[in-house]
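Undergrad: One structure follows; several queries about it will come next.
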Amino acid sequence: SLFRAEDISLIQLYIPLEIAQPTVAELGELGQVEFLDLNPNVNAFQRAFVGEIRRLDEMERKLRFLENQIEKTGIKPKPLTGNLYYGRTRTQQEIDDLEARLTEHEARIQQMNESQDTLQKRYLELSELRQVLRETAVFFEQAESRTDDPLLVIQREDSHLLAGNPSPDPEDAQDQRDSGRINLGFVAGVVPRARMGIFERILFRALRGNLYMNFAEIDEPVTDPGTDEVVQKNVFIIFAHGREILQKIRKICESMGATLYPVDSHPEKRREDALAVISRIEDLKHVLDSTRNTRRMELSKVAESIEAWAMMVKKEKAIYHIMNMFNYDQNRKALIAEGWCPTNSINSITYALRGVTERTGSTIPPILNELRTKKTKPTFHRTNKFTAGFQAIVDAYGVATYQEVNPGLFTIISFPFLFALMFGDVGHGLLVTGALVYILWKEKELNVKNGGEVIFDGSKPPNLISTIRWDMFFGGRYMIFLMALFSVFTGLIYNDLFSKPLNWFGTGYKFHTEHDHEMRVGEKLWTYAVGIDPAWQLAENKLLFLNSYKMKMGIIFGVMQMIFGLTIQIFNHIHFKQVQYIYAETIPQILFTVSIFGYLVFMILYKWSVDWLAVGLNPPSLLNTLIYMFLAPGSVAPSEVLFPGQAALQVFLVLLALLCIPWMLCAKPYLIWKESVRHRLQGYDNVQGNRDSLDSDRTGEVTPHNGDGGHGGEGGGGEGHGEHEEFSEVVIHQVIHTIEFVLSSISHTASYLRLWALSLAHAQLSEVLWDMVLANAFTMKGVGGTIALYIAFGAWFYLTVCILIGMEGLSAFLHALRLHWVEFNSKFYGGGGRAFIPFAFADFVEANGGPAE
Amino acid sequence: MEAITFNIDNGYLDGIVRGFKGGILSISNYLNLTQCETLDDLKLQLAATDYGNFLQNEPSPLATTTITERAREKLVAEFQYIRQNAGPELAKFLDYITYSYMIDNIILLITGTLHERDTHELLERCHPLGMFDSIAALCVATNVQELFNTVLVETPIAPYFEKCLSAHDLDEMNIEIIRNTLYKAYLEDFYEYTQTLGPTTAEVMGEILKFEADRRVINITINSFGTELSKDDRAKLFPTCGRLFPDGTFRLAKADDQDQVRLAVELYSEYRKFFDQGPGTERSLEDHFFEYEVYLNKRAFLQQFHYGVFYAFLKLKEQEIRNIVWIAECIAQQQKERINDYIPIF
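Residue numbers (my numbering), protein chains in the order written: chain U, 44 to 896; chain Z, 4 to 349.
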C-alpha cells in the first residue's frame, strides 16, 4: 500500500546447480527479488561465472559487429515485438546454438566484406584509371590540336613550360626518344583533393620548380572502401624530365597517398587501354553487384532476428551477473541465494519456482526459506501509473525508512491543492486540463512513440535531453492533470478567468453614487453563490481585500497541514511500538503549535464571522494581537479586543506553549535513560546481543552457527543494538531538535505566506497581460481593429501559454514542492530508507530503449 | 591576476583535465590489475575504471599491442578534445607539447627509411600527436639539407632544425645527433615560452622542463660512452635550461665513465639518490627518472590557475599506459615476479 512500505522478507534460496540459470531467469521475469551480494570480497574476475559472462561479452561484440554492418547497409532491423517467445530467456542449448550461429554469421559476413573490399578496391582503381585516361586524353588532345606530332608537342610543352630550362636540350629530347617512348617524362595518377595543396608544394620544393603539373577534378566522388568515407579526388599529370627526377616524383606521390597509373604516350594505345578498362569495369561491376546482393541477403536474414538475439544475450548476461552474487553450498551441488522480496510476493515466487522445476523436469526443486533478520530492510511502495508520479516526488526528497508513514499518499491530494492555490485561474487550468486530457487519451500511443525516441546511446545528446524532458512531463501526467483540475476549482473560488471575473449568479452588490464621493459605493445585498463576488474585480480596494483574504487563507491551510503532519507521528510511534513518545514528543509539539498558531487561525475565523460594521467597532489587527500576546501577556488594548475573556485565554495559551518547551526538551531523554536503566537492572545488558543473534539467525558473533538453516558461514551480518548510546548525545540531539522545532514553527508558518504571494503574482501578471496586450486591441475600430485584434490575440495567447502557464506553473510547482518537502515532511518524515530495487528484466529492457529500434 | 582571469578562457578545460586526472588508476586499481591471470581478466578489470569499455570491440585473444593502441587512442582523443576547445594561448601551449612527438616521429621515419622499411608501416607506428600533413614525404629525402628544404620547412619545428643543418649524410650517428639537437632546441624554446605564461605556469613548468633537460643531459652522457662522439660534440647537445646548467653540464661534458657522472651529479640533492642504489635493487636509473617525473607532474596539480596541469596530465597518463603495458606484458609472458615493477601514480 502507499501508506506504509510493504513488508519485506529476507529469503534464502537453494537452487540446484543444474537449474540455477532457468530459475534466475524466471525470477528475473517476475521481478520481485532483490538479490544480495554474498561474496562482496571476491574480485570481479574471480567469481564463479566469469567464463560465461565473458562468452556472452564476446557474443555481444559479434552482435554489435553485425548490427553495425546492418546499419551501414541500410537494412532496418526487425523491431522486437511484444511476443513473449522472442523475449524469453533460453536454455543453455539454445545459447550454444546461438553462439555457433553468430560465429558463423560473423565469419561469413567478414569474408564477404573482405571480398567486397578487394573487389571494390579493384573497381575503384579501374574507375580511377578510366578517369586518368580520360583526363590525360584531354591534355593530349589539346596539345594535338596544335600540332600533328604528339611527341613533339610534349617536347615543346616541356620546353616552354619548364621555367628552369628555357632552351630545351636537344640531346635530352633525343635521350627520351631513345629510351623507347616508355618513359616519356610524365607521371599520371590520382590524389585526394584535400592533399592537393601540400602535394604541389612538396613537389615544387623537391624539384625546385622543374616540373609542369596539370590536374583536373574528378566530378564523381569516390568512396573509400576502407573507411566508407566519400573522398574527392583529383587527376594529375606531371611532366618532368630525367629518370632520376621522375623516380623522385614517383616516391613523393606514393608517400602522399597518391595512386599512380600507367598511361601510354601513344594515342591509339591509350584508346585501346581505355576500352579495355571500360569492359573490365563492366565485368567487375557485375561481380560486385552479385557480392553485394548476397551480402545484403545474408544481412537481412540476420536483421530478422538480431534484436531478439541481442535481448537474449543481454538477459543471459544479467542472469550470470546475478548468479555471481550467489554462494555455493558445501558439496557444490547447489547455489545459495539470498535476497529481499515483498512478503506478499513469496507465494508468486514459490509458484514460479515450482513452474521452473516442472518445466525443466528437475528432480530436486529449488527451496525457499524465509529468514529473520535485523538488517535494515529496503522500502518498497507498489505504485501504479497514477501514483508513481507522486511517489517519485517523495522519493526525490528521501526514500522512506522501512515502514514509516509515507507522505506519498497525502501528496496525491495536498500537492495539487497547494499548487492550485498559487495557480488558481479557470482559464489557465482549463487549457492545461485540455492538453492533459489529450495526452491521457492518447496515452498508449504517446508512450510507445516516446519509447521509440529514447535511444540508449550517448551519441545523440540533444535528442536525449529533449526526451528526458518529455519523459519527466509524461511521467507526471496524472499529477499535472490533477493540478490542472484543482486550478480550475481554485480559479472558480478566486473567480478568475484570464483575470476576468465570471458573473454567473449576478453580483451581490448594488452600486450607488454617494454625493460627496466621485466613486460609487457598493452595498452588499446577498452573498455570491460560489467564490468571490465578481464585483470585487472592479473595486478600487480589490487588492486590499484579496491580499488579506489570500494571506489568511495561506496561514489557515498551512497550519492545518502542519498539524496534520504532526498527528501522523502518532501512527509512526504506534507502528514502531514507541507509544510513550506520543506523550513525550508528539503531544507537546501539537499543543505548542495549536496554542500559538491554532489560536491565530481561530482569531482569523472569528474575525471573519463577525460583522464589524454592524457592531460598530474597528476590526482589530491580528498581527499586533499575536505579537502583544507575547510582549504584554495578560493585557489587551481596548481597541484591539476581539472577544471577551481574550486576555485570560491568551495568558493561558502562552503559558501552555512555554510549558511545552521543557516538556519536549526533557521527556524523551528521560524515557530513554529510564529504559537503559531498566535494562541494566534486569541484567539484559549482556544477554541482549546473544538473544539478537538467536533471533536473527545469522549474527555468528556469539553463536557461530546454529544449524537450523544449514547455510554456509556468512557471519557478522546482523548488527547488535546500539545499546550503549551515549546519553549526552541523546540530550544534545533533543536540545537541537526542540530548538529547531520551536523556531521553525514560526518560520514554517510564515513560509505558507508564499501561497498568497504566488497567487497574487499570478493574478496580477495575468491582469497586466490582458490590459497591456489584448485590451488595447478592443478599443480599435474597423478593419485596423480586426487586424490588431488578430495580432494581439496571438501575442496574448502565446504569452499566456509561455509565461503564465509554463513559467508561472513551474514556479508554483517548485513552491508547492518546497512546502511539501520542508514544511510538511519535516514534521514526521525520516526519509532515511533505501529503495527496493528488484532484479527485473523489464527494467533493463526499458532502460535499453524498449523493444523498438 | 591569474586567479581572476585564468578561468575566463581556461576554466572549463582546467576542470575537464582535473576530472580526467581523477580517472587515473590508483594503487588499488593496480593491485587488482596485478592479480589478473590473463589479459581478458585485465580487460574486465580495466572496464571498471575510467577506461570503460575501450576494448569491448576487440575479439578475444587480446594482444598487448591492442591494449596499448586503444589506451593511446583514448588519451589522444582526450588531448584532442582539450586542444580543440582551447583558447589561443592554451592552444599554443598544447601545440608546444606536440612538438616533441613530432621530433620523435621524424626521427622514426628517417631511421626507418634508412633501413628501407615500408613507409606505411612506419606511419602507423608514429605517435598520433606528432602527425603533420606532409610527414609522409620525409622518406623521400636522403640528406639533411633536402629533408629540411622539402618537408620540414613548413612545420612548426623548422626553427629547431635550422641549427643542425649540416651537409652530412644521414646515418645512424647523425640521426641521433639530429634528434638530440632538435630536442635541445625544443626544450630551450619551450622553457622560454613557459616562462612568459605567468608566474605559476612558469614555476610549475620550469620545474618539470628543467628536470626533463637534466634527464636528457645525463642520458646523453651515459649513452655516449663507448661511441665515437667527441666530448665537444657531446657538450653541444646538452640543453641549457636545466638545473645542471652550467656547472653540472660542464662536469658531465668531461665525464668518461659512470662514476664520473655520479660525481658530477652528486651536488644536486634531488638527483643524487638516483645513483644511490644498493646492489640488490632492480630499479634502473630510468625507473628513478620516471618516478621523479611522476612526482613532479603530480605536484603540478597542487597549484591552481596554470597550464602545467595539461602537460602533467598527458605525461601521467603516458606513464599509466606504460604501466598497463608493463603489467599486460608480464601477464602475457608469465613473468609474474616482475609484475610489480610498475611506477604507481596515485
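In this text, a Cβ means the ideal position worked out from N, Cα and C, and glycines have one as well.
No experiment lies behind these values; they were computed from the predicted model shown.
#1: Name the two residues that bound the continuous alpha helix (DSSP H) containing Z:L36.
#2: What does the Cβ neighbour count give for U:Q290, buried or exposed, with the cut at 16 atoms within 10 Å?
#3: Nearest to Z:K166 by alpha carbon, out of Z:E157, Z:N183, Z:T68 and Z:M176?
#4: Using the C-alpha atoms, what's the distance from U:F46 back to U:K567?
#5: Out of U:F840, U:F78, U:A883 and U:S771, point me to the one whose CA is closest to U:K420's CA.
#6: Once you ignore the five residues that flank Z:N301 on each side, which residues in its own chain have a CB closer than 8 Å to its CB?
#7: Taking U:K294 as part of the alpha helix (DSSP H), name the residues at either end of that continuous run.
#8: Which of the three DSSP states is assigned to U:V265 in this structure?
#9: Taking 8 Å as the threshold (beta carbon to beta carbon), is Z:T37 in contact with chain U?
#10: Using a Cβ-Cβ distance under 8 Å, would Z:S137 count as near chain U?
#11: Keeping to the same chain, check which residues put their C-beta closer than 8 Å to that of U:A435; ignore five residues upstream and five downstream.
#12: Given a cut-off of 8 Å on the beta-carbon distance, is the pair U:A443 and U:G876 in contact?
#13: Buried or exposed, going by whether 16 or more other CB atoms sit within 10 Å of the CB of Z:I113?
#14: Who does U:S52 pair with in a DSSP beta bridge?
#15: Establish whether the CB of U:G207 and some CB of chain Z are separated by less than 8 Å.
#16: Should Z:K276 and Z:F241 be called a contact, given that it needs their Cβ atoms to be closer than 8 Å?
#17: Here's the rule I'm using: 16 or more other beta-carbon atoms within 10 Å means buried, otherwise exposed. How should Z:R218 be labelled?
#18: Over the uninterrupted beta strand (DSSP E) stretch that includes U:Y304, give me the two end residues.
#19: Measure the C-alpha to C-alpha separation of U:A578 and U:T550 and round it to an integer number of angstroms.
#20: Whose CA, out of Z:Q263, Z:G55 and Z:T8, lies closest to the CA of Z:F23?
#21: Please classify U:F640 as buried or exposed, where buried requires at least 16 neighbouring CB atoms within 10 angstroms.
#22: I'd like to confirm the pairing. Which residues does DSSP put opposite U:Y552 in its beta bridges?
#23: CB-CB under 7 Å to U:N367, same chain, minus the five flanking residues each way: which ones, in chain order?
#24: Quick one, which residues of the segment 284 to 305 of chain U are near chain Z if we go by CB-CB under 9 Å, in chain order?
#25: Quick one: give me the first and last residue of the alpha helix (DSSP H) that U:E413 is part of.
#26: Quick test of the definition: if touching needs 3 or more C-beta pairs under 8 Å, does the segment 595 to 609 of chain U touch the segment 865 to 876 of chain U?
#27: What does the Cβ neighbour count give for U:E447, buried or exposed, with the cut at 16 atoms within 10 Å?
#28: For U:I245 and chain Z, any beta-carbon pair shorter than 8 Å?
#29: Do the segment 628 to 648 of chain U and the segment 825 to 842 of chain U meet, that is, are 3 or more Cβ pairs less than 8 Å apart?
#30: Where does Z:L58 fall in DSSP's three states?
#31: I'd like the list of long-range same chain contacts for U:K593, defined as Cβ closer than 6 Å, with 5 residues on each side in sequence excluded.
#32: Quick one: grab the DSSP three-state call for U:F882.
#33: Would you call the segment 65 to 80 of chain Z and the segment 324 to 334 of chain Z touching, i.e. three or more CB-CB distances under 8 Å?
#34: Among Z:F135, Z:I30 and Z:D107, which residue has its Cα nearest to the Cα of Z:P159?
#35: Quick one, are the C-beta atoms of Z:D53 and Z:G18 less than 8 Å apart?
#36: If the cut is a Cβ gap below 8 Å, which residues of chain Z does U:N156 touch?
TA: In short, the structure shows the following:
#1: On the second sequence, residue 36 of chain Z is found 33 positions in, with the first residue counted as 1. That run of the alpha helix (DSSP H) goes I30 to T37.
#2: The count along the first sequence starts at 1 and reaches residue 290 of chain U at position 247. Exposed is the call here.
#3: Counting from 1 along the second sequence, the entry for residue 166 of chain Z is found at position 163. Residue Z:N183 is the option with its Cα nearest to Z:K166.
#4: Taking the first sequence and counting its residues from 1, one reaches residue 567 of chain U at position 524. Taking the first sequence and counting its residues from 1, one reaches residue 46 of chain U at position 3. Those two C-alpha atoms are separated by around 47 Å.
#5: Reading the first sequence from its first residue, position 377 is the one you call residue 420 of chain U. Nearest neighbour of U:K420 by Cα position, chosen from U:F840, U:F78, U:A883 and U:S771, turns out to be U:F78.
#6: Within the second sequence, numbered from 1, the residue matching residue 301 of chain Z stands at position 298. First, the residue type needs correcting, since residue 301 of chain Z is Lys and not Asn in the sequence shown. Non-local beta-carbon contacts of Z:K301 in its own chain, meaning distances under 8 Å to residues more than five positions away in sequence, involve A315, L319, I348 and F349 in chain order.
#7: Your numbering for residue 294 of chain U matches position 251 in the first sequence. First-last of the alpha helix (DSSP H) with U:K294: R286 to S298.
#8: Here residue 265 of chain U refers to the residue found at position 222 of the first sequence. Note: U:V265 maps to strand in three-state DSSP.
#9: The residue given as residue 37 of chain Z occupies position 34 in the second sequence. Chain U, which has no Cβ nearer than 8 Å to the Cβ of Z:T37, makes this no.
#10: Counted from its first residue, the second sequence places residue 137 of chain Z at position 134. Yes - at least one Cβ of chain U is within 8 Å of the one on Z:S137.
#11: Here residue 435 of chain U refers to the residue found at position 392 when the first sequence is read from its first residue. The residues G518 and G519, in chain order, have a CB closer than 8 Å to that of U:A435 in the same chain once the five nearest residues on each side in sequence are set aside.
#12: Translated into the one-based positions of the first sequence, residue 443 of chain U becomes position 400. Translated into the one-based positions of the first sequence, residue 876 of chain U becomes position 833. Yes. Within cutoff.
#13: Taking the second sequence and counting its residues from 1, one reaches residue 113 of chain Z at position 110. Burial state of Z:I113 is buried, judged by a 10 Å Cβ sphere holding 16 or more other Cβ atoms.
#14: For the purposes of this step, residue 52 of chain U is identified with residue 9 of the first sequence, where counting begins at 1. Note: U:S52 sits in a beta bridge opposite U:C384.
#15: Residue numbering aside, residue 207 of chain U sits at position 164 when the first sequence is read from its first letter. Residue placement at U:G207 cannot be trusted, given a pLDDT of 41 that sits under 50; what the coordinates show is reported in the next sentence. Not closer than 8 Å to any Cβ of chain Z, the Cβ of U:G207 fails to qualify, so no.
#16: Here residue 276 of chain Z is taken as the residue at index 273 of the second sequence, counted from 1. Here residue 241 of chain Z is taken as the residue at index 238 of the second sequence, counted from 1. Contact: no.
#17: To locate residue 218 of chain Z, count along the second sequence from 1; it is residue 215. Buried.
#18: In the first sequence, residue 304 of chain U corresponds to position 261, counting from 1. Per DSSP, U:Y304 belongs to the beta strand (DSSP E) from T302 to Y304.
#19: In the first sequence, residue 578 of chain U corresponds to position 535, counting from 1. In the first sequence, residue 550 of chain U corresponds to position 507, counting from 1. When only Cα atoms are considered, U:A578 and U:T550 end up about 6 Å apart.
#20: As a working note, residue 23 of chain Z is residue 20 in the second sequence. Of the candidates Z:Q263, Z:G55 and Z:T8, the residue whose Cα lies closest to the Cα of Z:F23 is Z:G55.
#21: Reading the first sequence from its first residue, position 597 is the one you call residue 640 of chain U. Around the beta carbon of U:F640, 16 or more other beta carbons sit within 10 angstroms, so the residue counts as buried.
#22: Translated into the one-based positions of the first sequence, residue 552 of chain U becomes position 509. Beta-bridge pairing links U:Y552 to U:K567.
#23: Position 324 of the first sequence holds residue 367 of chain U. Once the five neighbours on either side are set aside, the close Cβ partners of U:N367 are R90, A91 and F92.
#24: The segment 284 to 305 of chain U vs chain Z, Cβ under 9 Å: K291, K294, I295, E297, S298, M299 and G300.
#25: The sequence position of residue 413 of chain U within the first sequence is 370, counting from 1. That residue, U:E413, is in no alpha helix (DSSP H); its beta strand (DSSP E) goes I410 to L414.
#26: With the cut-off at 8 Å, the segment 595 to 609 of chain U and the segment 865 to 876 of chain U touch.
#27: As a working note, residue 447 of chain U is residue 404 in the first sequence. Using a 10 angstroms sphere on the CB of U:E447, the tally of other CB atoms reaches 16 or more, which defines it as buried.
#28: Residue numbering aside, residue 245 of chain U sits at position 202 when the first sequence is read from its first letter. Chain Z contact via Cβ: present.
#29: No: fewer than three Cβ pairs fall under 8 Å.
#30: The residue you call residue 58 of chain Z lines up with position 55 of the second sequence. Of the three classes helix, strand and coil, the one that applies to Z:L58 here is coil, per DSSP.
#31: Counted from its first residue, the first sequence places residue 593 of chain U at position 550. Taken in chain order, the residues that qualify are W799 and S802.
#32: As a first step, residue 882 of chain U is located in the first sequence; it is residue number 839 there, counting from the start. In the structure shown, U:F882 sits in coil (DSSP, three-state: anything other than H, G, I, E or B).
#33: The answer is yes - the segment 324 to 334 of chain Z touches the segment 65 to 80 of chain Z, with three or more Cβ pairs under 8 Å.
#34: Position 156 of the second sequence, counted from the first residue, corresponds to residue 159 of chain Z. Of the candidates Z:F135, Z:I30 and Z:D107, Z:F135 places its Cα closest to the Cα of Z:P159.
#35: Counting from 1 along the second sequence, the entry for residue 53 of chain Z is found at position 50. Counting from 1 along the second sequence, the entry for residue 18 of chain Z is found at position 15. Taking 8 Å as the Cβ cut-off, Z:D53 and Z:G18 do not qualify as a contacting pair.
#36: In the first sequence, the residue the question calls residue 156 of chain U occupies position 113. Within 8 Å Cβ-Cβ: nothing; U:N156 doesn't reach chain Z, min ~15 Å.
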